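Protein sequence lines, in the order shown, are assigned to chains A and B.
Position 110 of the first sequence, counting from 1, maps to 110 under full-length UniProt numbering, and the rest follow consecutively.
Position 196 of the second sequence, counting from 1, maps to 196 under full-length UniProt numbering, and the rest follow consecutively.
2 protein chains.
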Amino acid sequence: RYGICPMVQSQQKLDRPLVRVQDLTPEKAEQQIWVRARIHTSRAKGKPALTKAQGLTKESIIDVEAVVKKVEQKIESCSQQDVELHVERIFVISQSEARLPLQLEDAVRPEGEGDEVRKVDLIIINLHRNLNTTTSQAIFRLQSGICQLFRDTLINKGFVEIQTPKIISAASEGGANVFTVSYFKTSAYLAQSPQLYKQMCICADFDKVFCVGPVFRAEDSNTHRHLTEFVGLDIEMAFNYHYHEVMDSITDTMVQIFKGLCDRFQTEIQTVNKQYPSEPFKFLEPTLRLEYKEAVAMLKAAGVEMGDEEDLSTPNEKLLGRLVKEKYDTDFYVLDKYPLAVRPFYTMPDPNNPKYSNSYDMFMRGEEILSGAQRIHDAQLLTERAMHHSIDLEKIKAYIDSFRYGAPPHAGGGIGLERVTMLYLGLHNVRQTSMFPRDPKRLTP
Amino acid sequence: RYGICPMVQSQQKLDRPLVRVQDLTPEKAEQQIWVRARIHTSRAKGKPALTKAQGLTKESIIDVEAVVKKVEQKIESCSQQDVELHVERIFVISQSEARLPLQLEDAVRPEGEGDEVRKVDLIIINLHRNLNTTTSQAIFRLQSGICQLFRDTLINKGFVEIQTPKIISAASEGGANVFTVSYFKTSAYLAQSPQLYKQMCICADFDKVFCVGPVFRAEDSNTHRHLTEFVGLDIEMAFNYHYHEVMDSITDTMVQIFKGLCDRFQTEIQTVNKQYPSEPFKFLEPTLRLEYKEAVAMLKAAGVEMGDEEDLSTPNEKLLGRLVKEKYDTDFYVLDKYPLAVRPFYTMPDPNNPKYSNSYDMFMRGEEILSGAQRIHDAQLLTERAMHHSIDLEKIKAYIDSFRYGAPPHAGGGIGLERVTMLYLGLHNVRQTSMFPRDPKRLTP
Numbered sequence: 001r002y003g004i005c006p007m008v009q010s011q012q013k014l015d016r017p018l019v020r021v022q023d024l025t026p027e028k029a030e031q032q033i034w035v036r037a038r039i040h041t042s043r044a045k046g047k048p049a050l051t052k053a054q055g056l057t058k059e060s061i062i063d064v065e066a067v068v069k070k071v072e073q074k075i076e077s078c079s080q081q082d083v084e085l086h087v088e089r090i091f092v093i094s095q096s097e098a099r100l101p102l103q104l105e106d107a108v109r110p111e112g113e114g115d116e117v118r119k120v121d122l123i124i125i126n127l128h129r130n131l132n133t134t135t136s137q138a139i140f141r142l143q144s145g146i147c148q149l150f151r152d153t154l155i156n157k158g159f160v161e162i163q164t165p166k167i168i169s170a171a172s173e174g175g176a177n178v179f180t181v182s183y184f185k186t187s188a189y190l191a192q193s194p195q196l197y198k199q200m201c202i203c204a205d206f207d208k209v210f211c212v213g214p215v216f217r218a219e220d221s222n223t224h225r226h227l228t229e230f231v232g233l234d235i236e237m238a239f240n241y242h243y244h245e246v247m248d249s250i251t252d253t254m255v256q257i258f259k260g261l262c263d264r265f266q267t268e269i270q271t272v273n274k275q276y277p278s279e280p281f282k283f284l285e286p287t288l289r290l291e292y293k294e295a296v297a298m299l300k301a302a303g304v305e306m307g308d309e310e311d312l313s314t315p316n317e318k319l320l321g322r323l324v325k326e327k328y329d330t331d332f333y334v335l336d337k338y339p340l341a342v343r344p345f346y347t348m349p350d351p352n353n354p355k356y357s358n359s360y361d362m363f364m365r366g367e368e369i370l371s372g373a374q375r376i377h378d379a380q381l382l383t384e385r386a387m388h389h390s391i392d393l394e395k396i397k398a399y400i401d402s403f404r405y406g407a408p409p410h411a412g413g414g415i416g417l418e419r420v421t422m423l424y425l426g427l428h429n430v431r432q433t434s435m436f437p438r439d440p441k442r443l444t445p
Numbered sequence: 001r002y003g004i005c006p007m008v009q010s011q012q013k014l015d016r017p018l019v020r021v022q023d024l025t026p027e028k029a030e031q032q033i034w035v036r037a038r039i040h041t042s043r044a045k046g047k048p049a050l051t052k053a054q055g056l057t058k059e060s061i062i063d064v065e066a067v068v069k070k071v072e073q074k075i076e077s078c079s080q081q082d083v084e085l086h087v088e089r090i091f092v093i094s095q096s097e098a099r100l101p102l103q104l105e106d107a108v109r110p111e112g113e114g115d116e117v118r119k120v121d122l123i124i125i126n127l128h129r130n131l132n133t134t135t136s137q138a139i140f141r142l143q144s145g146i147c148q149l150f151r152d153t154l155i156n157k158g159f160v161e162i163q164t165p166k167i168i169s170a171a172s173e174g175g176a177n178v179f180t181v182s183y184f185k186t187s188a189y190l191a192q193s194p195q196l197y198k199q200m201c202i203c204a205d206f207d208k209v210f211c212v213g214p215v216f217r218a219e220d221s222n223t224h225r226h227l228t229e230f231v232g233l234d235i236e237m238a239f240n241y242h243y244h245e246v247m248d249s250i251t252d253t254m255v256q257i258f259k260g261l262c263d264r265f266q267t268e269i270q271t272v273n274k275q276y277p278s279e280p281f282k283f284l285e286p287t288l289r290l291e292y293k294e295a296v297a298m299l300k301a302a303g304v305e306m307g308d309e310e311d312l313s314t315p316n317e318k319l320l321g322r323l324v325k326e327k328y329d330t331d332f333y334v335l336d337k338y339p340l341a342v343r344p345f346y347t348m349p350d351p352n353n354p355k356y357s358n359s360y361d362m363f364m365r366g367e368e369i370l371s372g373a374q375r376i377h378d379a380q381l382l383t384e385r386a387m388h389h390s391i392d393l394e395k396i397k398a399y400i401d402s403f404r405y406g407a408p409p410h411a412g413g414g415i416g417l418e419r420v421t422m423l424y425l426g427l428h429n430v431r432q433t434s435m436f437p438r439d440p441k442r443l444t445p
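Structure (structure tokens):
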């Protein structure tokens with residue numbers, strides 16, 4: 001009735017199906033089944049052979065032979081509320097070392113109930129791990145869904161997935177905030193974005209490309225939303241006449257992601273909400289688009305003092321998010337036509353007003369999740385703009401040269417995966433949505 | 001009729017659809033359309049306004065207004081063989097700098113023909129770029145398909161996609177062949193594989209995980225199949241009783257990829273075959289599985305001298321591939337039960353023979369594309385094996401500790417994306433299937 005299995009070394013191919021806990025429905029009542037589970041808590045009564053199981057450390061993994069029984073009263077504390085297992089046999093598959101002194105916890109359902117069914121010998125196994133882990137699992141399953149929806153939507157739109165190198169020989173954006181790598185007898189850098197490579201693919205007539213991969217920023221920023229390594233969802237696309245073709249394609253992709261999450265990940269959303277309550281994420285179709293000027297006017301009307309071509313501070317970004325939510329009832333919007341001065345040198349100037357640019361940011365719950373723009377596809381203008389920004393032309397020669405042999409007009413953007421996950425779920429720290437977060441002070445695990 | 005457009009700065013949203021070259025079918029005959037294309041070669045005759053276009057540099061991008069005309073005789077040299085365009089107007093969108101002296105190339109179809117249709121003024125534009133680029137596009141479109149098929153198959157099997165960090169604090173596999181990164185005031189390493197992180201997810205009950213991302217190897221190997229940075233398709237999965245559950249899941253995933261490529265990427269396969277002819281890729285269902293011992297016996301029978309527990313050399317690997325192809329008519333197979341001595345320390349020993357292990361490699365056209373195994377999920381055995389390999393226990397303490405609190409039996413493997421692409425297409429150098437290859441001597445572009 002109780003035993004410690006030899007280490008599973010693939011000694012045999014047992015013909016003994018294991019039922020998954022989530023498949024234990026009342027329809028299985030009275031069936032004799034096997035379950036593999038992790039011990040969350042235990043209490044033992046009666047049947048002597050099984051009391052040995054009392055000594056089992058929490059977190060141990062066991063195989064349990066049991067009969068499924070319907071319960072009269074829902075077990076509120078468990079994820080399976082309609083059934084319980086009456087244990088016949090227990091085999092230990094992997095024993096946990098004791099982390100906490102073993103304690104018999106209070107039973108999770110009213111005392112005495114259920115006992116009469118078999119009259120004896122009941123071990124209640126909470127078949128799920130602690131709430132925190134349940135929440136984490138939900139967060140990362142939803143994050144997996146974001147990646148999947150992002151790619152599927154783009155592949156349907158005719159995009160091609162590309163793989164760009166992370167070890168690069170020169171810092172394409174001028175050299176600040178970049179990690180250095182020892183590379184055999186020389187040194188190299190970690191890519192801050194796939195920007196140059198996405199654009200090279202466009203110049204090679206790939207037309208529409210995306211990539212999903214790590215992005216590295218050697219910024220000593222210790223905030224709730226900065227990581228030194230995060231996952232970038234990057235898009236670049238040639239357009240016919242106007243960069244809004246690309247912007248609309250990106251907002252539509254985001255909308256498809258929001259809809260897909262809402263349709264397919266309700267269990268995960270609700271699991272996270274139990275621990276971290278938040279309002280459901282709202283969005284409009286088509287996506288709300290505001291010009292930067294309008295945003296500044298809204299902020300000024302709300303009492304903020306700022307210049308017309310000044311960048312948005314983090315508090316102003318958040319305030320703007322609240323103002324937009326009040327006025328338009330959306331948690332997602334695009335801010336278009338940023339002042340040229342606050343954008344990277346490769347941003348295309350606005351043809352109608354040289355102080356502005358063909359660039360945009362996208363926001364979720366008042367925080368930036370994407371930065372994008374029409375890129376300059378003309379080598380001469382690119383050179384002028386780089387000089388204006390005092391960038392060493394030698395260091396970006398390869399980048400500029402890639403536009404000398406016919407380049408289609410194009411635009412794109414980069415999305416931070418962890419931020420999208422955090423803000424969709426209404427969480428408050430990007431470390432909650434990175435499995436193994438990296439920041440200036442954290443390199444492990 | 002001819003003009004150089006101002007740089008496309010998104011001045012206007014033109015209501016002028018652009019037809020894609022691949023959509024120019026005979027059904028569009030006599031229609032007046034606009035096409036955006038890159039100039040491959042040009043010759044001009046007659047109509048004076050259009051002769052200016054003769055001066056256009058190759059590679060320039062132009063918008064062309066034209067009438068679609070059916071041709072009597074197929075234009076063998078073009079990808080669109082049934083129609084040609086009779087040009088009305090040409091606007092230059094992006095002018096290429098002259099790389100080659102301009103030359104009027106020979107016309108691609110019999111001289112004189114077609115002229116009578118409009119009697120005058122014909123510019124033939126080869127609407128596709130050179131063969132090499134066409135081949136490259138096909139290779140990378142197919143590679144995008146491999147990633148998509150890999151993920152879709154695994155998501156259907158209940159896997160979750162995870163994101164693992166590339167900057168790590170300690171080299172998990174002991175420290176050789178690892179790139180060092182300057183990390184603020186300390187130093188760190190680039191991950192040689194997501195091994196530890198995949199396994200941590202299994203220990204956290206994620207059950208089945210995969211990831212797609214860069215993998216870094218500081219090996220000074222200058223061969224046709226080694227890169228210092230490549231894309232790893234990684235799988236890790238808890239199993240019930242036997243690691244063959246995982247191995248079968250991986251071989252089935254590969255089979256789904258092969259089938260998907262064959263069904264959905266015939267155009268790309270044939271495009272590549274035109275430049276690099278190869279036999280179609282063959283595979284069996286279920287996948288052929290051989291034990292290492294059998295392979296050694298086959299090699300010995302073919303005259304190879306080698307020890308029973310010796311690793312396969314690259315020439316022997318290739319020879320084995322030929323022998324297997326002759327005997328079983330398959331380009332894909334699994335070699336199971338490798339000698340324990342030639343595998344990493346975390347490989348589970350074979351319970352029936354301590355000289356062998358629960359590990360496997362997978363091969364395509366006689367070259368290894370995946371290495372995998374059941375992993376040791378017991379901290380004590382893992383410690384013993386690490387000591388046997390003279391690995392500094394302090395450096396892998398976090399790794400070993402992750403198995404102290406109940407770990408499910410699990411197995412997995414890692415696939416090299418560029419190798420799969422190369423070998424599926426029968427190419428001979430992994431640099432052909434990496435857009436921006438990195439090796440000990442190459443860091444650009």
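Every residue gets a Cβ at the ideal spot worked out from N, C-alpha and C, and that includes glycine.
Everything numeric in this text was worked out from a predicted model, so none of it was measured.
Asked: Opposing strand residues paired with Leu290(B) [DSSP bridges]; Found: Leu335(B)
Asked: Assigned exposure category for Ala66(B) - 16 Cβ within 10 Å defines buried; Found: buried
Asked: Pairwise C-alpha distance: Ala37(B) and Val21(B); Found: 8 angstroms
Asked: Chain B within 8 angstroms of Leu443(A), Cβ atoms only; Found: yes
Asked: Inter-stretch contact (C-beta, 8 angstroms, three-pair minimum) for the stretch 197 to 217 of chain A and the stretch 231 to 239 of chain A; Found: yes
Asked: Residue-level contact to chain A via CB, Pro409(B), 8 angstroms cutoff; Found: yes
Asked: CB contact check: Ala301(A) to chain B, cutoff 8 angstroms; Found: no
Asked: Contact the stretch 59 to 78 of chain A vs the stretch 406 to 421 of chain B: 3+ CB pairs below 8 angstroms; Found: yes
Asked: Buried or exposed (CB count within 10 angstroms, at least 16 for buried), Ser136(A); Found: buried
Asked: Close-in-space but distant-in-sequence residues of the same chain around Phe140(A) (CB under 7 angstroms, 5 per side omitted); Found: Met435
Asked: Residue-level contact to chain A via CB, Glu229(B), 8 angstroms cutoff; Found: yes
Asked: C-beta neighbour in chain A for Leu320(B), strict 8 angstroms; Found: no
Asked: beta-carbon Ile39(A) near the ligand SAH non-hydrogen atom, thresh 7 angstroms; Found: Among the ligands in the structure shown, none appear at all, so the ligand SAH cannot be discussed.
Asked: Residues sharing a beta bridge with Leu14(B), DSSP; Found: Paired residues: none, contrary to the question.
Asked: Proximity test, Cβ basis, 8 angstroms: Arg289(A) and chain B; Found: no
Asked: Three-state class that DSSP yields for Ile75(B) in the structure shown; Found: coil
Asked: Cα-Cα separation between Lys325(B) and Val8(B), rounded to whole angstroms; Found: 55 angstroms
Asked: Continuous beta strand (DSSP E) stretch holding Tyr424(B): start and end; Found: Per DSSP, Tyr424(B) belongs to no beta strand (DSSP E); it is in the alpha helix (DSSP H), Leu417 to Tyr424.
Asked: Residue-level contact to chain B via CB, Gln137(A), 8 angstroms cutoff; Found: yes
Asked: Cβ neighbour criterion (16 or more within 10 Å) applied to His242(A); Found: buried
Asked: CB contact flag (Val192(B), Asn177(B), <8 angstroms); Found: Contrary to the premise, residue 192(B) reads as Gln rather than Val in this sequence. Cβ atoms of Gln192(B) and Asn177(B): closer than 8 angstroms.
Asked: Whole runs of the alpha helix (DSSP H) within the stretch 131 to 175 of chain A, excluding any shorter than 4 residues; Found: 131 to 156
Asked: Contact list for Tyr405(A) against chain B, beta-carbon separation under 7 angstroms; Found: Glu59, Ser96, Glu97 and Arg99
Asked: CB contact check: Lys337(B) to chain A, cutoff 8 angstroms; Found: no
Asked: Simplified DSSP assignment, three categories, for Val231(B); Found: strand
Asked: Alpha-carbon spacing of Phe184(A) relative to Pro440(B), whole angstroms; Found: 7 angstroms
Asked: Proximity test, Cβ basis, 8 angstroms: Leu149(B) and chain A; Found: no
Asked: Residues bridged to Ser94(B) [DSSP beta-bridge criterion]; Found: Ile61(B)
Asked: Val8(A) at chain B interface by Cβ criterion, 8 angstroms; Found: yes
Asked: Proximity test, Cβ basis, 8 angstroms: Gln11(A) and chain B; Found: yes
Asked: Contacting residues, own chain, Cβ-Cβ under 6 angstroms from Met247(B) (five flanking each side not counted); Found: Tyr360
Asked: Those residues which DSSP pairs with Thr347(A) across a bridge; Found: Arg375(A)
Asked: Extent of the continuous beta strand (DSSP E) run through Phe258(B); Found: No beta strand (DSSP E) holds Phe258(B); the alpha helix (DSSP H) holding it covers His244 to Arg264.
Asked: Member of Thr287(A), Arg289(A), Glu317(A) and Glu285(A) whose CA lies at the smallest distance from the CA of Leu299(A); Found: Glu317(A)
Asked: Rounded straight-line distance, which links the Cα of Lys69(B) to that of Arg118(B); Found: Summary for Arg118(B): the model assigns pLDDT 28, below 50, so the residue's position carries little reliability, and this model does not support an answer.
Asked: Candidates Asp15(A), Val334(A) and Thr383(A), of which the one nearest Arg289(A) by Cα; Found: Val334(A)
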